[in-house]
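Each remark here refers to the structure printed beneath this line.
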């Protein structure tokens, strides 16, 4: 099953590789990983999307918690939460007809950026399932896809 | 540099601060080897007498010596090596300490901060290389962080589940200066080793203990690390429960006690493994259900309720589902259980029938061997060693058949007397760890049980033993084979003995003599006892006893990889 694990860790050099190294050393999956500053300027927050049986997820959480630089670990998918991801899709102008363009423009979750090279970049911020749906619709015309990986927060 | 420092202002160089920190930690022995990046530190060590530096002959030896020192005492072992190859040579020892939860702090020199990342001479990314095999590591990038980092390093290494901590120190940091004060308190918001034990789980454990008809206590190295042997023994005695030990746990319960059913696992006793298989309650104490213990997981203790007491939450339900996890320090947990049972005079169920069954299994005498009059059986040497030392020596071992025999046959009646490499299985561990044990216990008898293959992996330390006058007794069980490899090849590879024959062996007697020690070769069973006694009489000399043993002897019982506990090969 897919899980989102949120990790607050010390802003020490090497802290990121401790987490990444743990996943590879113990053969845990990483679907996506994003890390950025948090509300505390001495700590970063990392969101890891992973998958595995309940036992595996329990081990992942415990092993993360055991890392000395890790301040707090929470598995956020088991409770109510909000999850978002950003994706950029680059498409050549010639691949888009007017009807498609109208559809993109009407969609409130999309933003369109024009480039100087006869291309457009569509920016989409949404839940991963919606993003997957959107990506499916542009599968045949996308030249480049850049995804951020999910971030999430508990909402209860 | 040092000559410019105004001591009145309490300003010191990083190297001076380093030495002061060791003094403040009460460290009197450092095992190490000098090199370019740590020369400022060596210069300061040279100028004082509080911290003694022990010069090894290879950095791996330094780390194993620190491990032997830590395991045989309750202290933290300390290592100092240079950058690059100094650090990489230390890694086997660091990984060994990580697997066996040994509290050591390893200081590694590093190239100057300005050179880091430039592929400088003797540069490696020590923090990166050691990351997967340390409890934690640090690089000091500002001399002002020297004292607080060293304080943290000792704190992290020695608390909670102990383990190795590496501190990487660039050379310029050891010549930079700052004010010195050693932090009295240490607190890290991301590390809290003091876990409060959950009362509910203690209550549940007590209930199961009192209801069990077929209990087994399975105790490991965590009991020794927690210094909880007395508490465990008292509780087990009160309950009249059988106790088995892991390889790392030997000595945490008296080996000569009738309730002791010997070591369990791949080469454990018949009674221990059968009891593990048939029990209705398994009380795991400071043990981690390693694959050499469990064998086939889905056939492991199929009918047992599992109580698992351990300080490391990640050990719980990692391999075997714990029905009642008790997370916390072993000593604290046993005390809580004992308080509820012993102080309230609660009685466990009568388990006479269970004992009858166990005693029936015991009759197999699964560690037995037949010593004829011609060739020395390796087990016989260990038997005699136990007799002549009255079970009171510190025994270190290397890795292989001799290790298993030393574990099976010598009865360890006290904790910290059996020192071996369990998790990593490091050949070469025996001699340097014996040095560490001898430094920690200068008045005691320290014996290294080894084989002709293992001993050659750190043989250079014979030179260190001479320099410091370490009167270690080396018990070399010489069967001219990498015995355990040969045993597997005999059983599982149709006797194709690929590369397991130790051809071109040195003359160990002459080799010992060339290092300045006494060497003695023993070929007859009737000479074994006298040779051991004579060696022990040499109070101030290292004696290398080269016992020529039976080449065909195998370690029994044996549970093949992936087999269940009740599927033992007995002979």
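Protein chains in written order, with my numbering: chain V, 1 to 156; chain P, 1001 to 1571. Yeah, the Cβ is synthetic: ideal placement off N, Cα and C, and Gly gets one too.
_Residue environment, residue 1468 of chain P, which counts as buried when at least 16 other CB atoms sit within 10 Å_ = As a position in the second chain, residue 1468 of chain P is number 468, starting the count at 1. Exposed is the call here.
*From the DSSP output, which residues share a beta bridge with residue 1055 of chain P?*
Walking along the second chain from the start, residue 1055 of chain P turns up at place 55. For residue 1055 of chain P, which the question treats as bridged, DSSP gives the partners P:1032.
*Within 8 angstroms (strictly less), CB to CB, does residue 1156 of chain P reach chain V?*
In the second chain, the residue the question calls residue 1156 of chain P occupies position 156. Answer yes: the Cβ-Cβ gap between residue 1156 of chain P and chain V drops below 8 angstroms somewhere.
*For residue 1556 of chain P, which residues of its own chain have a beta-carbon under 7 angstroms away from its beta-carbon, when the five flanking residues on both sides are left out?*
One-based indexing of the second chain puts residue 1556 of chain P at position 556. Contacts found: 1366, 1569, 1570, 1571.
*What do you reckon, are the CB atoms on residue 1090 of chain P and residue 1067 of chain P nearer than 8 angstroms?*
Numbered from 1 along the second chain, position 90 holds the residue referred to as residue 1090 of chain P. Numbered from 1 along the second chain, position 67 holds the residue referred to as residue 1067 of chain P. No, they are not a contact pair.
*For chain P, is any of its Cβ atoms less than 8 angstroms away from the one on residue 6 of chain V?*
Counted from its first residue, the first chain places residue 6 of chain V at position 6. Not an interface residue.
*Mind listing, in chain order, the continuous beta strand (DSSP E) runs of no fewer than 3 residues lying wholly within the stretch 1503-1561 of chain P?*
1518-1522, 1543-1548
*In chain V, which residues lie less than 7 angstroms from residue 1190 of chain P when you measure between Cβ atoms?*
Here residue 1190 of chain P refers to the residue found at position 190 of the second chain. Those within 7 angstroms of residue 1190 of chain P in chain V are 10, 68, 69, 70, 71.
*For residue 1113 of chain P versus residue 1141 of chain P, is the C-beta spacing smaller than 8 angstroms?*
Counting from one through the second chain, the residue named residue 1113 of chain P turns up at place 113. Counting from one through the second chain, the residue named residue 1141 of chain P turns up at place 141. In this structure, residue 1141 of chain P lies closer than 8 angstroms to residue 1113 of chain P by Cβ.
*What are the boundary residues of the alpha helix (DSSP H) that residue 1397 of chain P is part of?*
Here residue 1397 of chain P is taken as the residue at index 397 of the second chain, counted from 1. Where residue 1397 of chain P is concerned, there is no enclosing alpha helix (DSSP H), although the beta strand (DSSP E) it sits in stretches over 1394-1397.
*Please check if any C-beta of chain V sits within less than 8 angstroms of the C-beta of residue 1136 of chain P.*
Working through the second chain from its first residue, we reach residue 1136 of chain P at position 136. Output row for residue 1136 of chain P: interface = yes.
*Could you tell me the distance, in whole angstroms, from the CA atom of residue 1026 of chain P to the CA atom of residue 1193 of chain P?*
In the second chain, counting from the first residue as 1, residue 1026 of chain P sits at position 26. In the second chain, counting from the first residue as 1, residue 1193 of chain P sits at position 193. Cα to Cα, the separation comes out at about 21 angstroms.
*With 8 angstroms as the threshold, decide whether the Cβ of residue 1144 of chain P is near any Cβ in chain V.*
Position 144 of the second chain, counted from the first residue, corresponds to residue 1144 of chain P. No, residue 1144 of chain P does not count as interfacial toward chain V.
_Buried or exposed, going by whether 16 or more other CB atoms sit within 10 Å of the CB of residue 1107 of chain P?_
Here residue 1107 of chain P refers to the residue found at position 107 when the second chain is read from its first residue. So residue 1107 of chain P ends up on the buried side.
*Mark residue 1046 of chain P as exposed unless 16 or more other C-beta atoms lie within 10 angstroms of its C-beta, in which case mark it buried.*
As a first step, residue 1046 of chain P is located in the second chain; it is residue number 46 there, counting from the start. By the 10 Å Cβ count, residue 1046 of chain P comes out exposed.
*Considering only residues of the same chain and omitting the five flanking positions on each side of residue 1182 of chain P, which have a CB-CB separation below 8 angstroms?*
Along the second chain, read from residue 1 onward, the residue named residue 1182 of chain P stands at position 182. Answer for residue 1182 of chain P: 1020, 1021, 1024, 1147, 1151, listed in chain order.
*What is the DSSP secondary structure of residue 1252 of chain P, reduced to helix, strand or coil?*
Locating residue 1252 of chain P in the second chain gives position 252, where the first residue counts as 1. Three-state DSSP puts residue 1252 of chain P in coil, outside helix and strand.
*Would you say residue 1382 of chain P and residue 1548 of chain P are within 8 angstroms of each other, going by their C-beta atoms?*
As a first step, residue 1382 of chain P must be located in the second chain, where it is residue number 382. As a first step, residue 1548 of chain P must be located in the second chain, where it is residue number 548. Their beta carbons are not under 8 angstroms apart, which means residue 1382 of chain P does not touch residue 1548 of chain P by this criterion.
*Would you say residue 52 of chain V reaches chain P, if we count a Cβ-Cβ gap shorter than 8 angstroms as a contact?*
Here the question's residue 52 of chain V lines up with position 52 in the first chain. No, because no Cβ of chain P sits closer than 8 angstroms to the Cβ of residue 52 of chain V.
_Short CB-CB distance (under 8 angstroms) between residue 1092 of chain P and chain V_ = Within the second chain, the letter at position 92 stands for residue 1092 of chain P. Taking Cβ atoms only, chain V never reaches closer than 8 angstroms to residue 1092 of chain P, which makes this a no.
*Per DSSP, residue 1107 of chain P is paired with what?*
Here residue 1107 of chain P refers to the residue found at position 107 of the second chain. For residue 1107 of chain P, which the question treats as bridged, DSSP gives the partners P:1080, P:1167.
*Opening and closing residue of the beta strand (DSSP E) in which residue 1179 of chain P lies*: Translated into the one-based positions of the second chain, residue 1179 of chain P becomes position 179. Counting along the chain, the beta strand (DSSP E) containing residue 1179 of chain P begins and ends at 1177-1179.
*Please list the partners that residue 25 of chain V has in chain P, where partner means a Cβ-to-Cβ separation under 8 angstroms.*
Here residue 25 of chain V corresponds to residue number 25 of the first chain, with the count starting at 1. Going along chain P in sequence order, the residues near residue 25 of chain V (Cβ under 8 angstroms) are 1132.
*Leaving out five residues before and five after residue 1121 of chain P in sequence, what residues of the same chain have Cβ atoms less than 7 angstroms from its Cβ?*
What you label residue 1121 of chain P is simply residue 121 of the second chain in a count that begins at 1. Cβ within range, chain order: n/a, list empty.
*With burial defined as no fewer than 16 other Cβ atoms inside 10 Å of the residue's Cβ, what is the status of residue 1392 of chain P: buried or exposed?*
In the second chain, the residue the question calls residue 1392 of chain P occupies position 392. Under this definition residue 1392 of chain P is an exposed residue.
*Distance between residue 83 of chain V and residue 124 of chain V (C-alpha atoms, nearest Å)*: For the purposes of this step, residue 124 of chain V is identified with residue 124 of the first chain, where counting begins at 1. For the purposes of this step, residue 83 of chain V is identified with residue 83 of the first chain, where counting begins at 1. Spanning the two alpha carbons is a distance of roughly 14 angstroms.
*Take residue 131 of chain V as the anchor and find which of V:18, V:116, V:150, V:60 has the nearest alpha-carbon.*
Your numbering for residue 131 of chain V matches position 131 in the first chain. The residue with the shortest Cα to Cα distance from residue 131 of chain V is V:150.
*Using DSSP bridges, identify the partner residues of residue 75 of chain V.*
In the first chain, residue 75 of chain V corresponds to position 75, counting from 1. For residue 75 of chain V, which the question treats as bridged, DSSP gives the partners V:5.
*residue 1054 of chain P to residue 1125 of chain P, Cα distance in whole Å?*
By one-based count along the second chain, residue 1054 of chain P stands at place 54. By one-based count along the second chain, residue 1125 of chain P stands at place 125. When rounded, the distance between both Cα atoms is 26 angstroms.
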